[in-house]
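Enquirer: Mind having a look at this structure? Questions to follow.
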Amino acid sequence: MKHVPVHVSLITVIEIVAILVGALSGFVEARRKRMDIVGVFTVAFIAAFGGGTLRDILLDRRPLFWVMHQEYAILIFVLALLATPLMRTVKQIISERVIVVADAVGLGLFAVAGVAQAQAAHMPVFIASMMGVITGIFGGVLRDIVCNEVPMVFRDGKPYAICAFFGAWLYIGLQYTDISDDTALWTSAAFITILRLVTWKFELHLRSHH
Amino acid sequence: MKHVPVHVSLITVIEIVAILVGALSGFVEARRKRMDIVGVFTVAFIAAFGGGTLRDILLDRRPLFWVMHQEYAILIFVLALLATPLMRTVKQIISERVIVVADAVGLGLFAVAGVAQAQAAHMPVFIASMMGVITGIFGGVLRDIVCNEVPMVFRDGKPYAICAFFGAWLYIGLQYTDISDDTALWTSAAFITILRLVTWKFELHLRSHH
Amino acid sequence: MKHVPVHVSLITVIEIVAILVGALSGFVEARRKRMDIVGVFTVAFIAAFGGGTLRDILLDRRPLFWVMHQEYAILIFVLALLATPLMRTVKQIISERVIVVADAVGLGLFAVAGVAQAQAAHMPVFIASMMGVITGIFGGVLRDIVCNEVPMVFRDGKPYAICAFFGAWLYIGLQYTDISDDTALWTSAAFITILRLVTWKFELHLRSHH
Chain A
1 MKHVPVHVSL ITVIEIVAIL VGALSGFVEA RRKRMDIVGV FTVAFIAAFG
51 GGTLRDILLD RRPLFWVMHQ EYAILIFVLA LLATPLMRTV KQIISERVIV
101 VADAVGLGLF AVAGVAQAQA AHMPVFIASM MGVITGIFGG VLRDIVCNEV
151 PMVFRDGKPY AICAFFGAWL YIGLQYTDIS DDTALWTSAA FITILRLVTW
201 KFELHLRSHH
Chain B
1 MKHVPVHVSL ITVIEIVAIL VGALSGFVEA RRKRMDIVGV FTVAFIAAFG
51 GGTLRDILLD RRPLFWVMHQ EYAILIFVLA LLATPLMRTV KQIISERVIV
101 VADAVGLGLF AVAGVAQAQA AHMPVFIASM MGVITGIFGG VLRDIVCNEV
151 PMVFRDGKPY AICAFFGAWL YIGLQYTDIS DDTALWTSAA FITILRLVTW
201 KFELHLRSHH
Chain C
1 MKHVPVHVSL ITVIEIVAIL VGALSGFVEA RRKRMDIVGV FTVAFIAAFG
51 GGTLRDILLD RRPLFWVMHQ EYAILIFVLA LLATPLMRTV KQIISERVIV
101 VADAVGLGLF AVAGVAQAQA AHMPVFIASM MGVITGIFGG VLRDIVCNEV
151 PMVFRDGKPY AICAFFGAWL YIGLQYTDIS DDTALWTSAA FITILRLVTW
201 KFELHLRSHH
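Protein chains in written order, with the UniProt record's numbering: chain A, 1 to 210; chain B, 1 to 210; chain C, 1 to 210.
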């Protein structure tokens, strides 16, 4: 019943896209573990909001993003209800390639948003870069812990968190230039996404020669 | 040494009963994992207070329930000391049926208390219902994570969290009627408990036909 | 670029030593799980700061220790970069005995510091003793959860947390004597370390007779 504000800030758009991508990874992982609807919703929710929630708890920021925007919680709830019966179809439509690409976009957006939030809370610069990486990867880390797996991002040797880390520092570095903050945000997020996808391609190539 | 207040609020009674039931589930699970006394106490503590503690961290409520009432922490500590040598006897006395019933009572009480606390913190209504479910199930979720298991509530397909969810909405709905808040609390908690036990019976029956 | 204060408080020294010891346990465990550099850094970070961070979240203390002192986060980051290529050498230099001793020192220092912080936040006395044990052991607990293990401290039957618990109460007890707070801190920390090492020796001896 609330009026949607005409001007939606860039960071809000960033977070919405990243949340949907995160939830998708949760759906997939929860189904792989043969979880029921409760598990599917919870794991998707944790994958989507876990990184930002951990960041906000560490920064002592309240209300949490998903508390302020219950519409996103409801969205994931509805998607979880739809995802369970439609998962076979979804699996056929959404290939691994799509998931990797969407995940790379989410990583870029989450990480840069995390740095921005940490800097808004006056964190020192290295901690701000860590908060960016935490925001980017801890949704997946918490998802894997709940699914009783060693977190993928800690063991697969792929430069996932490292892309987020470099992008976080690119964003921090761009603040010392004349570039506007919006441009710096998008540039850094795109840098992380592209870096992630390039390294993903390269990694696959390397593996195919084993 | 403190004076016990003559008028103990309903929510306090609710939380005490639910805590003892939660601790019992922790004792059982920790023993199943062959944990030592430290594990038994910690897992019981997490099972008893984990859901409410997570809710309070998410809501940024302090002091935590068990910090304000250290007598409950001491109670679980003493029970853990007694539980270890007496576990064989306890196992003979307390059957699986008793644990399921006690757990269903705890679920109802925890969940409704969680909704009430979230509403007291001015959460939007869907988030309040989620906080009720979190309070009801995350003691068990955290218990299972510490015990290195995929949380039972996410994978057994039994309508456990769903009972809490429906009861949370019953409680929210009853607030729009003339029923007193106390009656609404007890009615919703009892609804969850009964719904849980009915579905438990039904589930068992379904399984026996496989 | 900041000036290092000439007078560094005892608790600060305590925490620095304990952090380095905690990080080492994280390096070892992450390598055992064949984690990559991201996992090695994160697990070391969690092992080093996890107990204190959980304590501070429970007490609602901010900023967190490692946010105020980003130099320690950077230190662990550099050590993680060095640890990965040098791990074989490190393993040869640092025997299990050294790790156990360093860990016992860390346990004593973390636990007593945790009690002091909890008392500074006006916690009741049993909760303060629990906060000491949490500070002492939850770095390792969270490390093991992230590494997808049942926490060692809950299952090996060794009096690890119990040493911290007794030392916490020794520290609390010494506050009723004429001993200075500094002396009480060091005495209790040393008591925990020695008690831990004595029980470790004894435990090993018991096992060798099986």
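The beta carbon of each residue, even a glycine, is placed where N, CA and C say it ideally should be.
Between A:Asp103 and chain B, is there a C-beta pair that is closer than 8 Å?
Expert: So no, A:Asp103 is outside the interface.
Enquirer: Taking the alpha-carbon of A:Leu54 as reference, which of A:Gly132, A:Ser188 and A:Thr199 has the nearest alpha-carbon?
Expert: Out of A:Gly132, A:Ser188 and A:Thr199, A:Gly132 has the C-alpha closest to the C-alpha of A:Leu54.
Enquirer: Report yes or no: do the stretch 65-82 of chain B and the stretch 35-45 of chain B share at least 3 C-beta pairs separated by less than 8 Å?
Expert: Contact between the stretch 65-82 of chain B and the stretch 35-45 of chain B is present, because at least three Cβ pairs lie under 8 Å.
Enquirer: Using 10 angstroms around the beta-carbon of A:Val4, count the other beta-carbons present and answer buried if the total reaches 16, otherwise exposed.
Expert: Per-residue confidence for A:Val4 stands at a pLDDT of 43, beneath the threshold of 50, marking its modelled position as unreliable; no derived number is given.
Enquirer: Got a sec, what are the start and stop residues for the alpha helix (DSSP H) B:Thr53 sits in?
Expert: Per DSSP, B:Thr53 belongs to the alpha helix (DSSP H) from Ile37 to Leu59.
Enquirer: Do you know whose CA, among B:Met35, B:Arg34 and B:Phe165, lies nearest B:Arg196's CA?
Expert: Checked all of B:Met35, B:Arg34 and B:Phe165; the closest Cα to B:Arg196 is B:Phe165.
Enquirer: Nearest CA to the CA of A:Ile162: which residue from A:Arg34, A:Ala18, A:Gly22 and A:Phe191?
Expert: Measuring from the Cα of A:Ile162, the nearest candidate turns out to be A:Phe191.
Enquirer: Is there at least one Cβ from chain A nearer than 8 Å to B:Ala47's Cβ?
Expert: Closer than 8 Å: no.
Enquirer: In this structure, how does DSSP classify B:Glu149 when only helix, strand and coil are distinguished?
Expert: Here B:Glu149 sits in coil by DSSP.
Enquirer: With respect to the alpha helix (DSSP H) encompassing B:Gln117, which residues constitute its N-terminal and C-terminal limits?
Expert: Segment Glu96 to Ala120, the alpha helix (DSSP H) holding B:Gln117.
Enquirer: Report the rounded CA-to-CA distance for B:Met68 versus C:Gln175, giving the unit in angstroms.
Expert: For B:Met68 and C:Gln175, the distance between alpha carbons rounds to 22 Å.
Enquirer: For A:Ala128 versus A:Ile179, is the C-beta distance shorter than 8 Å?
Expert: Their beta carbons are not under 8 Å apart, which means A:Ala128 does not touch A:Ile179 by this criterion.
Enquirer: Quick one: grab the DSSP three-state call for A:Tyr72.
Expert: Correct three-state label for A:Tyr72: helix.
Enquirer: Using a beta-carbon distance below 8 Å, is A:Met131 in contact with chain B?
Expert: Judged by the 8 Å Cβ criterion, A:Met131 is not in contact with chain B.
Enquirer: Closer than 8 Å, CB to CB, is C:Ala80 near chain B or not?
Expert: No - not a single Cβ of chain B is within 8 Å of the one on C:Ala80.
Enquirer: Which residues bound the alpha helix (DSSP H) around B:Ile172?
Expert: Looking at the DSSP string, the run of the alpha helix (DSSP H) that includes B:Ile172 is Ala161 to Leu174.
Enquirer: Tell me whether C:His205 is buried or exposed, calling it buried when 16 or more other Cβ atoms sit within 10 Å of its Cβ.
Expert: Caution applies to C:His205, whose pLDDT of 46 falls short of 50 and renders its modelled position unreliable; the model cannot decide the point.
Enquirer: Who are the Cβ neighbours of A:Val150 in its own chain at under 8 Å, not counting the five residues just before and after it?
Expert: Asp144, listed in sequence order.
Enquirer: Could you name the residues of chain A that C:Val146 contacts, counting a contact when the two beta carbons are closer than 7 Å?
Expert: Within 7 Å Cβ-Cβ: Ile145 and Pro151.
Enquirer: Can you look up C:Asp181 in the DSSP assignment and give me helix, strand or coil?
Expert: DSSP places C:Asp181 in helix when its eight states are reduced to three.
Enquirer: Does the Cβ of B:Thr177 have 16 or more other Cβ atoms within 10 Å, making it buried, or fewer, making it exposed?
Expert: Its Cβ having fewer than 16 others within 10 Å, B:Thr177 is exposed.
Enquirer: Could you say which of B:Gly157, B:Glu96, B:Trp186 and B:Ala118 lies nearest to B:Leu170 if we only look at CA atoms?
Expert: Of B:Gly157, B:Glu96, B:Trp186 and B:Ala118, the residue nearest in Cα terms is B:Trp186.
Enquirer: Taking 8 Å as the cut-off, decide whether the C-beta atoms of residue 215 of chain A and C:Asp36 are in contact.
Expert: Outside the shown range of chain A, which is 1 to 210, sits residue 215 of chain A, and nothing can be said about it.
Enquirer: Would you mind stating whether B:Val112 and B:Ser25 have Cβ atoms separated by less than 8 Å?
Expert: Against a cut-off of 8 Å, the Cβ pair of B:Ser25 and B:Val112 comes out as no contact.
Enquirer: Measuring only between beta-carbons, confirm whether C:Ile74 sits less than 8 Å from chain A.
Expert: It does; some Cβ of chain A falls within 8 Å.
Enquirer: Report the residue from C:Lys158, C:Leu20, C:Gly52 and C:Cys147 whose alpha carbon sits nearest the alpha carbon of C:Asn136.
Expert: Just to set this straight, residue 136 of chain C is Gly in the shown sequence, not Asn. Closest by alpha carbon: C:Gly52.
Enquirer: Does any residue of chain B bring its CB to less than 8 Å from the CB of A:Met35?
Expert: Chain B contact via Cβ: present.
Enquirer: Hey, does C:Gly39 have any beta-carbon neighbour from chain A nearer than 8 Å?
Expert: Yes, because at least one Cβ of chain A sits closer than 8 Å to the Cβ of C:Gly39.
Enquirer: For A:Gln119, is the classification buried or exposed, using 16 other Cβ atoms within 10 angstroms of its Cβ as the cut-off for buried?
Expert: By the 10 Å Cβ count, A:Gln119 comes out buried.
Enquirer: What residues in its chain sit with their C-beta under 7 Å from that of B:Val125, if we drop five residues either side in the sequence?
Expert: Same-chain partners within the cutoff: Ile172.
Enquirer: With 7 Å as the limit, tell me which residues of the stretch 47-70 of chain A have their beta carbon closer than that to any beta carbon of chain B; keep them in chain order.
Expert: Those would be Ile57, Arg62, Leu64, Val67 and Gln70, in chain order.
Enquirer: Relative to chain B, which residues along the stretch 156-169 of chain C have a C-beta separation below 9 Å, given in chain order?
Expert: Result list: Asp156, Gly157, Lys158, Pro159, Tyr160, Ala161, Ile162 and Phe165.
Enquirer: Against B:Thr42, what residues of chain C qualify as contacts under a CB-to-CB distance less than 7 Å, listed in chain order?
Expert: Simply Phe154.
Enquirer: To the nearest angstrom, report how far apart B:Gly157 and A:Ile16 are at their CA atoms.
Expert: Taking the straight line joining both Cα atoms gives about 30 Å.
Enquirer: Sorted by chain position, which residues of the same chain lie with C-beta nearer than 7 Å to C:Ala184's C-beta, five sequence neighbours on each side aside?
Expert: Here the set comprises Tyr171, Leu174 and Gln175.
Enquirer: If you count every other CB in all the chains shown that lies within 10 Å of the CB of residue 241 of chain A, and 16 or more means buried, which is it?
Expert: Residue 241 of chain A is absent from the model: chain A starts at 1 and stops at 210.
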